[in-house]
Amino acid sequence: MQVIKFIPKYENPILKGEKTCTVRYNFGDLPEVNEELLLQNSLNNITFAKAKCKFTDKLTVQEFVNETWEGHKEYETVEHMIWAMDHFYDTSDWNENTEIEVIGWEDVTSFYN
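Shown next, in the form of structure tokens:
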């Protein structure tokens, strides 16, 4: 079981099924498909939901930008993605070949019910 943390503004989109994947950098060991995920608020460490891992992928920033991602914000250019990800990571050395991880999920169950 893996814990994935999110800033609070993503809780509702996750619970509504609008956000169904996340981009990470140097995440470590990726979850296995069908593994249970615990989704946590990164500010207070409260687990707000559980989900089942649907997929994982390792790819470059350029590859991510080139694809269409259901359940995640899309970026028009590599520069736009690097700028957006700078809110979460130090991207000063990122470029189109920087490797990132994508984790997707399904079957979200809220712990607020």
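So the numbering used here is basically just the index in the sequence shown, starting at one, shifted up by 261. Cβ coordinates follow ideal geometry from the N, Cα and C atoms, glycine included. Nothing here was measured: the structure is a model prediction, and the numbers come from that model.
In angstroms, rounded to a whole number, what distance separates the CA positions of Thr329 and Glu337?
Within the model, the alpha-carbon separation for Thr329 versus Glu337 is close to 10 Å.
In the DSSP assignment, find the unbroken alpha helix (DSSP H) run with Ile275 in it and report its ends.
Run containing Ile275: Glu272 to Leu276, per the alpha helix (DSSP H) assignment.
Taking just the CA atoms, how far does Val369 sit from Lys346?
First, the residue type needs correcting, since residue 346 is Met and not Lys in the sequence shown. Cα-Cα distance, rounded: 24 Å.
Tell me Glu367's beta-bridge partners as DSSP assigns them.
In DSSP, Glu367 forms a bridge with Lys313.
So, with DSSP's three-state summary, where would you put Val264?
If DSSP states are grouped into helix, strand and coil, Val264 belongs with the strands.
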